[in-house]
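Q:
Protein chains: 4
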Amino acid sequence: MNSFGRIFKISIYGESHGNQVGVLIDGCPAGLAISEDDFTEDLLRRKSGAKGTTLRIEDDKPILLSGIFNGYTTGAPILISFQNKNTKSEDYNDLFSFPRPGHADFTAKMKYGGFNDYRGGGHFSGRLTLGLVAAGVIAKKLINSVSIKAKLVEAGGEKDIDSAIKNEDSIGGIVECIAENISVGLGEPFFDSFESVLSHAVFSIPAIKGIEFGSGFQTAKMFGSEHNDQLIDATGKTVTNFAGGINGGITNGNPLVFRVVVKPTPSISKTQNTFNFKTDKQEELKIKGRHDVCIALRVPVVIEAVTAIVLTDLMLLEHKLPRVISNKSAR
Amino acid sequence: MNSFGRIFKISIYGESHGNQVGVLIDGCPAGLAISEDDFTEDLLRRKSGAKGTTLRIEDDKPILLSGIFNGYTTGAPILISFQNKNTKSEDYNDLFSFPRPGHADFTAKMKYGGFNDYRGGGHFSGRLTLGLVAAGVIAKKLINSVSIKAKLVEAGGEKDIDSAIKNEDSIGGIVECIAENISVGLGEPFFDSFESVLSHAVFSIPAIKGIEFGSGFQTAKMFGSEHNDQLIDATGKTVTNFAGGINGGITNGNPLVFRVVVKPTPSISKTQNTFNFKTDKQEELKIKGRHDVCIALRVPVVIEAVTAIVLTDLMLLEHKLPRVISNKSAR
Amino acid sequence: MNSFGRIFKISIYGESHGNQVGVLIDGCPAGLAISEDDFTEDLLRRKSGAKGTTLRIEDDKPILLSGIFNGYTTGAPILISFQNKNTKSEDYNDLFSFPRPGHADFTAKMKYGGFNDYRGGGHFSGRLTLGLVAAGVIAKKLINSVSIKAKLVEAGGEKDIDSAIKNEDSIGGIVECIAENISVGLGEPFFDSFESVLSHAVFSIPAIKGIEFGSGFQTAKMFGSEHNDQLIDATGKTVTNFAGGINGGITNGNPLVFRVVVKPTPSISKTQNTFNFKTDKQEELKIKGRHDVCIALRVPVVIEAVTAIVLTDLMLLEHKLPRVISNKSAR
Amino acid sequence: MNSFGRIFKISIYGESHGNQVGVLIDGCPAGLAISEDDFTEDLLRRKSGAKGTTLRIEDDKPILLSGIFNGYTTGAPILISFQNKNTKSEDYNDLFSFPRPGHADFTAKMKYGGFNDYRGGGHFSGRLTLGLVAAGVIAKKLINSVSIKAKLVEAGGEKDIDSAIKNEDSIGGIVECIAENISVGLGEPFFDSFESVLSHAVFSIPAIKGIEFGSGFQTAKMFGSEHNDQLIDATGKTVTNFAGGINGGITNGNPLVFRVVVKPTPSISKTQNTFNFKTDKQEELKIKGRHDVCIALRVPVVIEAVTAIVLTDLMLLEHKLPRVISNKSAR
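Residue numbers (my numbering), protein chains in the order written: chain A, 1 to 331; chain B, 1001 to 1331; chain C, 2001 to 2331; chain D, 3001 to 3331.
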């Protein structure tokens, strides 16, 4: 299912080298003011261009096709599309017989019987995250009292980007996200714990291979007496925040803190070995095309987006956000 | 929502000190032979009793109440319950006014307006994992060609259990799970990526605070040329398995490998500070009751269970498992 | 899927001649006072005993097994079970080879490969509606400002129950339901129109074969100028109510009015012809066992129950009902 | 939720006088050959132009924007849009203060706080059924061994279309649908009975106010001995088909037979009374714009579409349709 959310529901669609990519948002409260300018900042943060990111430049202009009328959301489904213009499909001709290591070429071929659109990764492309970022912009506006900030806190370990570029290689990274002013009471004791729902959304972002909350994997080395966050006052504020803002699957009002690990871009120019289905043996592959050296540089804004989407959905579920933003006066 | 799964759907219910806990399983294929003995091994692995686990001993006998007839699943919902017998509720009287650090006492109180059953953690109790393990037993039988093995690979860092016991403290741990002989093609490109669905299920287990796949957080320190797993043959077998068996959100046929971090049991006998709503200030709390020193010891079988549940659901979705296990001959 | 609802979620389970039948209710707001006495009236209305209903008498006592604490709902899943005591399974031995006309014997056998519990209809039995009625009782308490009244408005056409009894036959009927004081704004323009959601729930009741809203099938004979309900005032009140309280899939605040048709009980004592799988030809079947002559007599309370369940779910979705009924004072 | 389906999932979007309307289809099996020509016949059947249908003529050309590659479905979400060109929005200026009887003007205003796009009915418009028909075309191709035929069997009772036109009025109708060669075993015993799922889909079509299966409401007048369909042979074939092809919520292999009632178009040119929010009293309304006299004329193809969508979804669920239509040979 390429959909997410129970009340505020997101579906993404499109292919890297097809006509367009985009997002369909169902269940957005009516009455939210939305203009195309609202999307600019986050789309720019996601956009390629910085050192370490791909040379493919799209203008990434969002086209608002439904669900918005006179500048406000109407309560009907919102379709936002992004046209694909700058595609070079000839770079991707032989992914079926010669799948790239670290990519979905092999799994897509097997799952879809060879019918998948392989051009530029097709539906698996990181370009699909445009729709996530666009939905995130709307979600952020809906929950504007919440502050969500994600940033790259580690890239490539001791390796730097310059050496990766020189070696035609790529590097991974770690992104940390902190969200403040969260409602108490979001999430369920079991299957829809806050961690369950957030990680579900986060792992929809290509290249994420791990997530940890609060003190995360370091928790394994702590005593309970260290890890337990002492409550200070009646609002639930704690001295430390090793829990990352969640107890028993439910937000406790302290900052939500989590980190994700982003793998190195699997597309690298350096020569690699992989299996060739035509010759039936391993052979050397030299990938052409344009690639990010460190895709993690572009991930923070996507992490913020899915966090905002999750918070919006759970706040609607818990009646912490209204179904209509405000009543318009006389018409 | 205390349910999980699209086709093979699990709902858990019950409270630690209520009448019972259990699980309702909807969508189980008909024709699977099930007896109470099938549950013994995994329930024993989960059961308390070993050093470091709670002194509360329940007989944990599963009662099969519906959906099974003449020793076979019928296709109708399966209800499995576990009676609660050995409860000492007087130990848990003041959690509303004096919430325990690291527990859900505060969040449950806030979310449910003070109506939650607080005795022994109520619906938040680790005892609810009995239902997960029971559903996991059925799932494992359904997908019996898949091998799923989870084990504790780290406990308490350099701290050992004996010192934790002596100090009336608790320790965390890391559990690794490896599943072999997985079908290729499980999972979706985006919102229902295999990692999304599995992590959703895994974070329903109390005390889990992180998950990583394959090389996990170490991936941040790797070059793409290191992390990319080279394909060897037409089955998709790879030289390394840094991806943990998943590319583009879809299983690739290599072993599924993931690790989770388990926090130290928040209940410790050691004195702690927390906020007292009655006196409106921080005060010392000494928790009575019976607790695990290292809950991580009991987690592996639960991790296996949710992994089996996820695999069953996705295999049914992809038509890799039949809706009826076999046709009974003449009746 | 044997579940219904997005927020207030109902799952039913059990078999007619198994250990028990019951319902699991997830997402019920915390803080609702519930006692076993609350269920008495509606369970009696559903219960057998009146002329035209089955001789099988169960005490139908609801057992509240989870999700209720100190007399209030806790917000955790509520399990309610009904023990089966008065079963005579020997009456139902040969349904696999000799399926009863009008019953699910054949379809169940085919769908479940012959593994279904056939005793007394198994999971297909009307006895499963006990769980619906129990959930309906809770729903009615949650939305106690709404009045829901269903009654039998036609039974057997010109046939009467006495002649049906004399002829070892059965008759059908029509049940009308009127719900007043409905919130405006429940339902969605398309796939979750109010009619969609309500009919989905209603057709889960065995023996229902049709539903119509407002002027229903008579609408086909009306001019638009007759059928259009004129608005009178700013609350949306209309002169007529041919729409049955719904426009564009959304409740308009006028009474919800709908009718359902209930088929005659398929189990009749009169001799019938059906296919015998053992002899491979049509043969005469004489059904033993205890049956309702007019199952429609017991349907009104079940119709009220599912209506209350639907309204509760949609009111929670639209924030017309709180997630916690009230905050308890000092504890 | 403007989505439908568990495996083959349909979401519709758009507004009558906005940029476009369309449908997003998720979960379509890969490998189905699709071209724009496939849509022509059904779109023409739905299209306006015949006597009794609206004067608004759109070219209704489907634009396939994603999920199709080299003429085959890829397994990724399929977006199909229809541009709106021939709109006259000035006809619809005052629906907020002066809601049309029988329309969603009042309910939409209340539900969405006055933010809904009211032009031409906005998201409530019958134009949205274009997306249903398009999805139905794909569904029909997927289940091409099933024959689905819907037709208008009654229109306006004794009233005829000419008199309705003369009187600036509109008439309703009854549409019957028969689907043959249905798989046995589709549907669930309770909440997802075949009738539940189909009626859920059918009531998403604007103007439908009732549905009945098999002998439908006439069943109320039948004895059980009349209504019970006798089985003839081992395939489940029955002498009569009063059940409409469904027993116990599950298809029995006999033809699926159901009828729906379609209300008269609420938009009529004849003068009507309704409430004027500006003057706070009932006043006469004369509706301008272009309207169908008998919308039921255009409904059969939409009924076929949703029937095909339901069958596709349930057949995928029951593994009666493959996830990939065929494996492409060497690439």
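Beta carbons are placed, not taken as given, at the ideal position from N, Cα and C, and that holds for glycine.
1) I'd like the span of the alpha helix (DSSP H) that includes Ser196(A), first residue to last.
2) Please list the partners that Pro3029(D) has in chain B, where partner means a Cβ-to-Cβ separation under 9 angstroms.
3) Using DSSP with H/G/I as helix, E/B as strand and the rest coil, what is Gln2230(C)?
4) Hey, does His2319(C) have any beta-carbon neighbour from chain B nearer than 9 angstroms?
5) Given a limit of 9 angstroms on CB to CB distance, which residues of the region 1095-1111 of chain B reach chain D?
6) With DSSP run on the structure shown, which of helix, strand or coil describes Phe3213(D)?
7) Can you name the residues that DSSP bridges to Cys3177(D)?
8) What is the DSSP secondary structure of Thr2107(C), counted as helix, strand or coil?
9) Per the contact definition of three or more C-beta pairs closer than 8 angstroms, is the region 294-307 of chain A in contact with the region 238-251 of chain A?
10) For chain D, find out if any of its Cβ atoms is closer than 9 angstroms to the Cβ of Arg331(A); answer yes or no.
11) Could you compute how far the alpha carbon of Leu316(A) sits from the alpha carbon of Leu142(A)?
12) Along chain B, which residues have their Cβ under 8 angstroms away from the Cβ of Glu2284(C)?
13) Classify Glu41(A) as helix, strand or coil using the three-state DSSP reduction.
14) At least one CB of chain C closer than 9 angstroms to the CB of Pro3300(D): is that the case?
15) Measuring straight from C-alpha to C-alpha, what distance separates His2227(C) and Phe2242(C)?
16) Ser1011(B) touches chain C at which residues, Cβ-Cβ below 9 angstroms?
17) Compile a chain-ordered list of the residues in the region 2248-2262 of chain C whose CB is closer than 7 angstroms to at least one CB of chain A.
18) Using the C-alpha atoms, what's the distance from Ser1035(B) back to Thr2073(C)?
19) Since Arg3323(D) meets chain B, which of its residues come closer than 7 angstroms, beta carbon to beta carbon?
20) For Thr1235(B), is the classification buried or exposed, using 16 other Cβ atoms within 10 angstroms of its Cβ as the cut-off for buried?
21) Am I right that His1123(B) and Ala2076(C) are in contact with their C-beta atoms under 8 angstroms? What's the rounded C-beta distance?
22) Does DSSP put Asp162(A) in a helix, in a strand, or in coil?
23) For Glu3318(D), which residues in the same chain have their Cβ closer than 8 angstroms to its Cβ, ignoring the five residues on either side in sequence?
24) Can you give the Cα-Cα distance for Glu240(A) and Arg2323(C), rounded to whole angstroms?
25) Cβ of Phe223(A) less than 9 angstroms from any chain B Cβ?
26) At the 9 angstroms Cβ level, is Phe3069(D) part of the contact set with chain C, yes or no?
27) Taking CB distances under 9 angstroms as the criterion, tell me whether Pro189(A) reaches chain C.
28) Would Ile2174(C) and Val2302(C) qualify as a contact pair, given that the criterion is a beta-carbon distance under 9 angstroms?
29) Once DSSP output is grouped into helix, strand and coil, what is the label at Phe2124(C)?
30) Thinking C-alpha only, which one of Arg2006(C), Gln2020(C), Gly2245(C) is nearest Glu2180(C)?
31) Do we get a CB-CB distance below 9 angstroms when we pair His2017(C) with the residues of chain D?
32) Give the C-beta separation of Phe8(A) and Cys28(A) to the nearest angstrom, bearing in mind that I take them to be a contact with Cβ-Cβ under 8 angstroms.
33) Return the Cβ separation of Gln2230(C) and Pro2101(C) in integer angstroms, given the expectation that the two are a contact with Cβ distance under 8 angstroms.
34) Would you identify the three-state DSSP class for Thr265(A), choosing helix, strand or coil?
35) Would you mind reading off the limits of the beta strand (DSSP E) that contains Ile3078(D)?
36) Leaving aside the five residues before and after Ser3329(D) along the sequence, list all residues of the same chain whose C-beta is less than 7 angstroms from its C-beta, in chain order.
A: In brief:
1) 194-202
2) Going along chain B, no residue has its Cβ under 9 angstroms from Pro3029(D), so there is no contact; the nearest lies around 10 angstroms.
3) coil
4) no
5) none
6) strand
7) Ala3150(D), Phe3258(D)
8) helix
9) no
10) For Arg331(A), the predicted structure reports a pLDDT of 39, less than 50, and the residue's modelled location is therefore unreliable. A value from the coordinates is still provided. True, the Cβ-Cβ gap to chain D drops below 9 angstroms.
11) 10 angstroms
12) Result: empty, since nearest Cβ-Cβ is about 21 angstroms, beyond 8 angstroms.
13) helix
14) no
15) 6 angstroms
16) Ser2003, Lys2009, Ser2011, Leu2024, Asp2026, Pro2077
17) none
18) 34 angstroms
19) Glu1318, His1319
20) exposed
21) 4 angstroms
22) helix
23) Ser3183, Gly3185, Leu3186
24) Correcting the residue type first, residue 240(A) is Thr in the shown sequence and not Glu. Using only the alpha carbons, I get a separation of about 30 angstroms.
25) yes
26) no
27) yes
28) no
29) helix
30) Gly2245(C)
31) no
32) 6 angstroms
33) That pair is no contact at about 48 angstroms.
34) coil
35) 3078-3083
36) Unreliable positioning characterises Ser3329(D) in this predicted model, as indicated by a pLDDT of 43, which lies under 50. A coordinate reading is not provided.
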